[in-house]
Amino acid sequence: MAEPTMYHGPGGPSRYAPIAEHGLIGDLQTVALVDTRGTVDWYCCPSFDAPSVFAAILDADRGGCFELTSIAPARTKQFYFPDTNVLITRFFTEDGVGEIQDFMPVCDVGEVDRHRLIRRVMCVRGTIPFRARVAPRFGYGTRPHTVRAQGRTALFESDALSMALTSTVPLESDDRDVWADFKLSQGECAVFALDRVGGEITQRGCPHAEAEQEFTATVAYWRRWLSSSRYRGRWREMVHRSALTLKLLTYAPTGAIVAAPTTSLPERIGGARNWDYRYLWVRDAAFAVYALLRLGFTEEAEAFMTFLSERVDLRDDGPSGPLQIMYGIDGRTDLPEFELPHLEGHRRSAPVRVGNAAATQLQLDIYGALIDSMYLYDKWGKPLPSCAWDAVCSLVDWVCGNWDQPDEGVWETRGGRKNFLYSRLMCWVAIERAIRMANRRGLPADLLRWRECRDAIYRRIMLRGWSDRRRAFVQHEDGDVLDAAILMMPLAKFIAPTDPKWLSTLDALTLDLVSDSLVYRYDPQASPDGLTGEEGTFSICSFWYVEALTRAGRLDEARLAFEKMLTYANHLGLYAEEISHTGEQQGNFPQAFTHMALISAAFNLDRALG
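Right, dumping it as structure tokens:
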């Protein structure tokens with residue numbers, strides 16, 4: 091067998107590809123991460139939140155992977171087939187040039203049981219020797235499996251999942267893995283297809299002609315989807331890549347949008363801030379809907395609204411209010427958090443977690459994010475139906491009665507509830523946007539009560555959210571700690587972007603939390619969050635900062651900060667959650683929040699520049 095692939099990063103040689111050294115493919119039900127050496131080291135089947143089949147990104151020994159690479163020493167480059175989510179990895183050797191085309195065909199919404207990962211490798215110049223190795227480790231590496239190999243096919247069977255590999259080259263196997271060594275000359279190609287199957291090895295095949303048809307259909311799907319974009323401004327390539335990424339994070343059968351398709355990628359190497367993001371956060375999904383609506387994509391917004399209306403009981407006044415802050419992609423509410431101690435974590439950053447205990451937190455800001463997205467859908471998409479307006483009224487009535495509660499806040503702190511300014515701000519947004527809808531469309535509403543509550547929140551923020559000592563709005567009432575979430579104040583139209591109080595706040599945030607355009611969420615030393623360890627700068631906050639500068643009329647600063655942020659993207663234009671002090675991507679990858687904020691910042695900066 092081959093020696094393990096070593097990657098060279100800031101910390102020296104490692105068996106783990108850096109988080110940024112990955113591309114993403116998917117079929118709108120799940121995704122796979124492919125590193126720059128051609129290895130699939132993350133893949134859950136049949137859905138985003140299913141147990142992993144390949145998880146070498148979390149444990150190089152026990153996680154499992156699908157390697158496909160040049161045996162000869164090679165330089166590699168990776169890019170997306172233009173305007174698609176088809177990933178190309180190229181190998182440059184002394185004797186030739188080859189490439190892998192990785193993609194997952196997008197099936198009709200009803201085909202929830204069909205999942206196919208196609209890897210087509212070809213030699214475009216000279217001659218190149220390749221090696222493939224398929225080493226699944228089902229159930230996060232806990233489920234044993236058997237292998238039945240027959241010539242150019244193999245069936246991997248575990249108690250919960252079976253997958254068939256078909257190949258156009260002969261395969262070898264042992265009791266767990268399958269591999270092949272082969273050489274391709276110019277113009278030749280080989281195809282590997284990994285399918286979820288019902289148990290029969292002969293169910294699927296993937297000869298060259300079928301692979302070509304699937305490739306053509308997948309390219310056509312993504313280009314057809316992207317053609318609906320109305321964005322024609324600057325940074326179009328980055329904006330469209332972000333849109334394509336947000337679409338990949340959509341679970342088509344229900345319309346749910348996951349916060350990220352991975353779990354436990356560390357916010358700091360060696361740290362413990364590792365979380366499972368493979369669920370629908372109401373806040374994140376609502377912001378993603380806003381970004382897609384900005385570009386002209388309305389179907390995703392409609393699907394998200396349907397998800398909430400069909401799967402969320404708005405009459406259920408639970409501990410977190412009528413909405414949970416997050417749901418499973420199928421709408422389930424129970425997301426117990428537990429650890430997988432047998433996995434060492436990415437670059438030994440344990441623990442690896444599945445589930446998320448934050449699901450039971452009270453985070454009042456989600457109501458503003460949701461109702462704002464409903465307001466924009468009503469304005470830019472289709473008018474809300476009567477049942478949706480009834481839901482809005484129920485939510486706003488609840489907000490009017492509960493906006494002054496302390497909560498865990500937007501950053502899901504585990505250090506106790508506080509009276510966070512951002513939560514107050516978004517409660518104001520929830521009521522204000524609902525009032526706008528009622529007035530514009532003449533819809534029935536308790537406008538007198540709504541206006542009284544809206545105004546009470548405004549006065550409370552201006553009185554108790556302002557620190558005379560800091561000359562700034564602060565993280566929570568009667569405190570002095572700054573928080574980057576406050577950047578949303580002018581973006582949400584709560585305060586004029588040139589108001590003297592806001593400009594003073596912007597200067598204070600720049601001094602305390604901004605590091606060369608990169609923005610920290612807050613200082614955990616000054617505001618303990620109940621968690622250990624440090625974290626990097628938060629990329630969504632950096633794009634919020636760009637937009638706040640833009641709205642304040644500081645366009646030169648905004649454009650420079652935006653261009654700097656673009657340099658922190660990976661080679662494909664993808665972002666994780668955070669950026670380390672050395673400029674490395676940290677946290678789950680790619681992060682919907684970050685790409686949503688990029689779209690919004692680009693849209694508003696481009697419009698301001700004229």
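91 is the number of the first residue of the sequence shown in the numbering used here; add one for each residue after it.
Yeah, the Cβ is synthetic: ideal placement off N, Cα and C, and Gly gets one too.
Because the structure is a prediction, the values reported are computed rather than measured.
Judged by their CB atoms, V519 and D589 are not nearer to each other than the 8 Å cut-off. Going by DSSP, F182 is part of the beta strand (DSSP E) stretching over 177-182.
Put simply, the segment 454-461 touches the segment 372-383. At least three CB pairs are less than 8 Å apart. Residue pairing for T353: DSSP places it in a beta bridge opposite D366.
According to DSSP, residue pairing for L207 in a beta bridge involves L284. Under the 10 Å beta carbon count, K508 is surrounded by 16 or more other beta carbons and is classified as buried. Annotated three-state conformation of T657 is helix, per DSSP.
Counting only unbroken stretches of 4 or more residues, the alpha helix (DSSP H) elements lying wholly within the segment 520-587 are 537-554, 578-581, in sequence order. If only uninterrupted alpha helix (DSSP H) runs of at least 4 residues are considered, those enclosed by the segment 403-490 are 455-470. Judged by beta-carbon spacing, L515 lies beyond the 8 Å limit of Y380, meaning their Cβ atoms are not closer than that value.
If you compare the alpha carbons of V259, E304, S252 with that of G229, the shortest gap goes to S252. For G231, the three-state secondary structure derived from DSSP is helix. Per DSSP, the beta-bridge partners of T159 are R221. Sorting V268, A270, R180, E389 by C-alpha distance to the C-alpha of S318 places E389 at the top. Between the segment 281-290 and the segment 173-184 there are fewer than three C-beta pairs closer than 8 Å, too few to call the two in contact. Distance from the CA of L511 to the CA of T423, rounded to the nearest whole angstrom, comes to 27 Å.
Here the C-alpha atom of D536 lies approximately 34 Å from the C-alpha atom of A562.
Scanning its chain for C-beta atoms nearer than 6 Å, with the 5 sequence neighbours on each side dropped, one finds around P141 the residues G229, Y230, in chain order. In its chain, beyond the 5 residues on either side, T627, S632, I669 have a beta carbon closer than 7 Å to the beta carbon of L608. Burial state of Q676 is buried, judged by a 10 Å Cβ sphere holding 16 or more other Cβ atoms. DSSP places V268 in the uninterrupted beta strand (DSSP E) bounded by 268-275. Assignment of beta-bridge partners to G216 by DSSP yields G186. I218 and A682 do not touch by the CB rule: their CB atoms are close to 37 Å apart, not below 8 Å. Contact between F679 and L355 holds, with the beta-carbon distance rounding to 6 Å and staying under 8 Å. For R331, the enclosing alpha helix (DSSP H) begins and ends at 326-338. Note that the C-beta distance between D696 and G323 is below 8 Å. Annotation for E304: the continuous alpha helix (DSSP H) segment containing it runs 298-316.
The secondary-structure analysis by DSSP pairs R238 across a beta bridge with L245. Counting only the Cα atoms, P226 lies some 19 Å from P431. In the DSSP annotation of this structure, the continuous segment of the alpha helix (DSSP H) that includes A692 starts and ends at 682-699.
Nearest to A659 by alpha-carbon distance, out of D117, P297, E327, is E327. At the C-beta level, V224 and D267 come within 8 Å of one another. In this structure, I359 is the residue among A481, A546, I359, R384 with its C-alpha nearest to the C-alpha of S104. Residue pairing by DSSP places T166 opposite F181 in a beta bridge.
Spatial neighbours of S594 in its own chain (CB-CB distance under 8 Å, excluding positions within 5 residues in sequence) are listed in chain order as R561, A562.
The C-beta distance from V211 to C279 rounds to 6 Å, short enough to meet the 8 Å contact threshold.
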